[in-house]
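First comes the structure, then the notes that go with it.
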Amino acid sequence: MTVLSLPISPADHGRPLGVIATEHLGEVGRLAAARGGLWIGRRRVDAATPATGGETLLVRLPPAGGYCDAPLTLEHIIYEDDDLVVINKPPACYVSDTPWDTHGSVLAVMRRLLTLRDGRPPMLHLAHQLDVGTSGILVMSKQSRANAPLQRAFAQGLVYKRYLAMCAGHPPATTEVITGHGRAAGGRWRLYDQTAIGQPLPDGQRIKLAHTYLTVRQQYADAALVWAVPRTGRTHQIRLHLAALGCPILGDERYGGPTVVAGHRLPHPLLHAAELILPHPTVGRPLHLFCPPPPLLLTIVARLQRV
0 MTVLSLPISP
10 ADHGRPLGVI
20 ATEHLGEVGR
30 LAAARGGLWI
40 GRRRVDAATP
50 ATGGETLLVR
60 LPPAGGYCDA
70 PLTLEHIIYE
80 DDDLVVINKP
90 PACYVSDTPW
100 DTHGSVLAVM
110 RRLLTLRDGR
120 PPMLHLAHQL
130 DVGTSGILVM
140 SKQSRANAPL
150 QRAFAQGLVY
160 KRYLAMCAGH
170 PPATTEVITG
180 HGRAAGGRWR
190 LYDQTAIGQP
200 LPDGQRIKLA
210 HTYLTVRQQY
220 ADAALVWAVP
230 RTGRTHQIRL
240 HLAALGCPIL
250 GDERYGGPTV
260 VAGHRLPHPL
270 LHAAELILPH
280 PTVGRPLHLF
290 CPPPPLLLTI
300 VARLQRV
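Here you go:
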């Protein structure tokens, strides 16, 4: 993410911040204002907000230099009832708003799609998160009555999740990985020894338990298709645990995964949320969901089978 600082002069008092951003930065400023990338300090501000003069306007821009709406249609919905909507999230899109964009996330696009379909804006809330590069099952609530039961189910470990990951190397046929997890001093997520769980971190948090079951579904010459079942829900947990085994996920450049496999450039980690079982938030019965892998993962599987 790029952050540009624009000092606001007293002469600009009362003028819309979006106009000021556009005057200083041209099309870059206009787009940032339209997409929700204007901030004063730690507060996001609307483009129409009048300047008070003397403050500094922060203009937050996307890391890749361009904006992209999540490529969703109503066809991505795999389950829906009065309380829930569940989608097959495509890879390479953000689930929720980012500091530079309030329009392109999965949540924002789904709100627009359902508003157009139903004629009224839905009360959508995310039940959980998926990394930007991860595809697959994403659950959202449509009614406030579903929010608390969903949050409890995820927090109490009542939700079964199974992921498909294509990783490098030769992981153990079946293994259980138990570590500590938290942010390092530089802000990046990392693993800690299991004995460090509960110890304080530089950000004021404590090292937490991270627990994953891994089973090889198919071994190839230099890669493996793995089932990953996380028993805790830590950020980047599966990615970190496979990397710790010396078998990073293909396409996961951050944690050492190769980005070119079988002649294909991999723009994101090959990690897919394939199966989820949760208690329905209002009915109580188990809801069992499946989601097919994305085309790129299937392409890599087909290529590796021929090697």
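Per numbering that gives the first Met the number 0, the very first residue in the sequence shown carries number 0; after that it's consecutive. Glycine residues also receive a C-beta, built at the ideal position from the N, C-alpha and C atoms. Since the structure is predicted, the reported quantities are computational estimates derived from the model, not experimental observations.
| Asked | Found |
| --- | --- |
| Between which two residues does the beta strand (DSSP E) holding His180 run? | 173-182 |
| By Cβ distance, which residues of its chain are closer than 7 angstroms to Cys290, with the 5 residues on each side in sequence left out? | Ile77, Asn87, Gly135, Ile136, Ala272, Ala273 |
| Three Cβ pairs or more, each shorter than 8 angstroms: is that satisfied between the segment 56-69 and the segment 114-129? | no |
| Under the three-state reduction of DSSP, which class applies to Pro49: helix, strand or coil? | strand |
| With distances taken from CA atoms, which of His12, Pro268, Leu37 is nearest Leu24? | Leu37 |
| Taking Cβ positions, are Leu270 and Leu277 nearer each other than 8 angstroms? | no |
| CB Ser140 to CB Leu129, shorter than 8 angstroms? | no |
| Beta-carbon separation of Gln217 and Arg182 under 8 angstroms? | no |
| Residue range of the beta strand (DSSP E) that Pro6 falls in? | 1-6 |
| Looking only at its chain, what residues have a beta carbon closer than 6 angstroms to the beta carbon of Ala220, apart from the 5 residues adjacent to it on each side? | Val306 |
| Does DSSP classify Ser140 as helix, strand or coil? | strand |
| Straight-line CA distance for Val18 to Ile7? | 12 angstroms |
| Going by CA-CA distance only, name the one from Gly28, Pro89, Val84 that's closest to Asp68. | Pro89 |
| Assuming Val105 contacts Leu71 (C-beta within less than 8 angstroms), just tell me the rounded distance between them. | 7 angstroms |
| May I ask which residues mark the beginning and end of the beta strand (DSSP E) holding Met165? | 159-167 |
| Please state the DSSP three-state secondary structure of Arg111. | helix |
| Go through its chain and collect everything with a Cβ distance to Pro199's Cβ below 7 angstroms, but skip five positions before and after it. | Arg205 |
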